[in-house]
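Some notes on the structure that comes next.
This is the structure in structure tokens:
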């Protein structure tokens with residue numbers, strides 16, 4: 057009952073991931089990941105995200121929450137299941153016709169780096185204050201998450217400077233493909249599931265204020281991308297875009313904080329975080 061898992065209450069990871077705005081960081085990471093031709097081909101050819109996008113999002117979110125807040129046993133069980141699943145999957149590179157495993161270290165490293173960098177960038181640009189040392193500590197702590205998916209921690213960037221150098225080195229491998237364009241469009245205009253209610257309600261969600269609100273969130277996620285990534289998507293790399301994105305993300309964080317402050321305490325944190333905090337209190341007793 058006192059097992060706090062991989063990180064614990066004194067970690068930068070727990071400090072960062074208590075921020076609800078990180079949901080938008082996850083969306084940013086998907087736009088970024090789609091710029092790697094092999095990575096996005098692997099997802100397109102193996103994932104059922106088009107048929108069940110919200111189910112896949114839920115499963116991915118549950119895995120991330122387990123890694124951050126789960127007990128050691130829960131983390132090992134979830135990561136072992138993920139590694140077994142990935143080990144069975146292959147895809148075909150649409151540019152070369154080569155068949156490749158989706159658990160190749162280069163692809164796993166790309167997904168890991170873009171995910172943790174997106175979480176960190178989104179939170180700090182939304183207004184979370186972290187010192188340079190805390191930023192590096194977060195990247196170093198996340199080496200544990202990288203190891204869970206099968207990566208050698210020694211091969212994974214573990215500081216802000218190393219992440220910047222990694223992006224600089226990998227940029228020649230990135231670009232727009234058909235899979236990239238289709239994935240980005242899907243992320244921007246996802247379908248409303250049949251399970252969300254009658255056709256009239258789904259139509260309202262598709263065309264009404266909810267859809268426009270989501271488009272604003274997706275637009276902010278794209279604007280938060282590095283300028284070089286926005287240019288690959290055909291967008292602008294201007295500093296004014298970054299300024300607008302910062303204003304938008306800070307406003308969203310403030311709105312989320314205001315709404316959550318009106319809710320009972322038990323609804324402000326996920327069940328995984330509440331369980332982790334309870335175990336941490338037991339460990340400290």
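In this note's numbering, the protein residues as written are 57 to 341. Just so it is clear, CB atoms sit at the ideal spot from N, CA and C, and this is done for glycine as well.
| Item | Value |
| --- | --- |
| Of the residues 234, 71 and 239, the one placed nearest residue 186, counting alpha carbons only | 71 |
| Contact under 8 Å by Cβ, residue 68 with residue 194 | yes |
| Chain-order list of residues whose beta-carbon lies under 8 Å from that of residue 256 (same chain, five-residue window excluded) | Low per-residue confidence applies at residue 256: pLDDT is 43, beneath 50, and the placement is therefore not dependable enough to give any value. |
| Same chain only: Cβ atoms within 7 Å of residue 102, ignoring 5 sequence neighbours per side | 145, 147 and 158 |
| Inter-residue spacing [alpha-carbon to alpha-carbon] between residue 316 and residue 323 | 8 Å |
| Candidates 200, 154 and 150, of which the one nearest residue 169 by Cα | 200 |
| Residue environment, residue 48, which counts as buried when at least 16 other CB atoms sit within 10 Å | In the structure as shown, the chain starts at 57 and stops at 341, and residue 48 therefore has no counterpart that could be examined. |
| Spatial distance of residue 62 from residue 211 (CA atoms) | 20 Å |
| Inter-residue spacing [alpha-carbon to alpha-carbon] between residue 331 and residue 126 | 8 Å |
| Per-residue burial, residue 309 [other beta carbons within 10 Å of its own, 16 or more giving buried] | buried |
| Residue closest to residue 83, alpha-carbon to alpha-carbon, out of 245, 329, 160 and 287 | 245 |
| Straight-line Cα distance separating residue 188 from residue 66 | 17 Å |
| Three-state class that DSSP yields for residue 157 in the structure shown | strand |
| Proximity of residue 91 and residue 236 at Cβ, strictly below 8 Å | yes |
| Whole-angstrom distance between residue 284 and residue 224, CA atom to CA atom | 10 Å |
| Selected residue, minimal CA-CA separation from residue 163, among 143, 303, 301 and 238 | 143 |
| Range of the contiguous beta strand (DSSP E) that encloses residue 146 | 146 to 148 |
| Within 8 Å, strictly: CB atoms of residue 206 and residue 139 | yes |
| Among 232, 277, 94 and 202, the one whose alpha carbon lies nearest that of residue 306 | 277 |
| Host alpha helix (DSSP H) of residue 332 (start-end) | 327 to 340 |
| Alpha carbon of residue 286 to alpha carbon of residue 75, nearest angstrom | 25 Å |
| Nonlocal neighbours in the same chain, by C-beta distance under 6 Å from residue 274, ignoring five residues either side | 244 |
| Span of the alpha helix (DSSP H), counted from its first residue to its last, around residue 87 | 78 to 89 |
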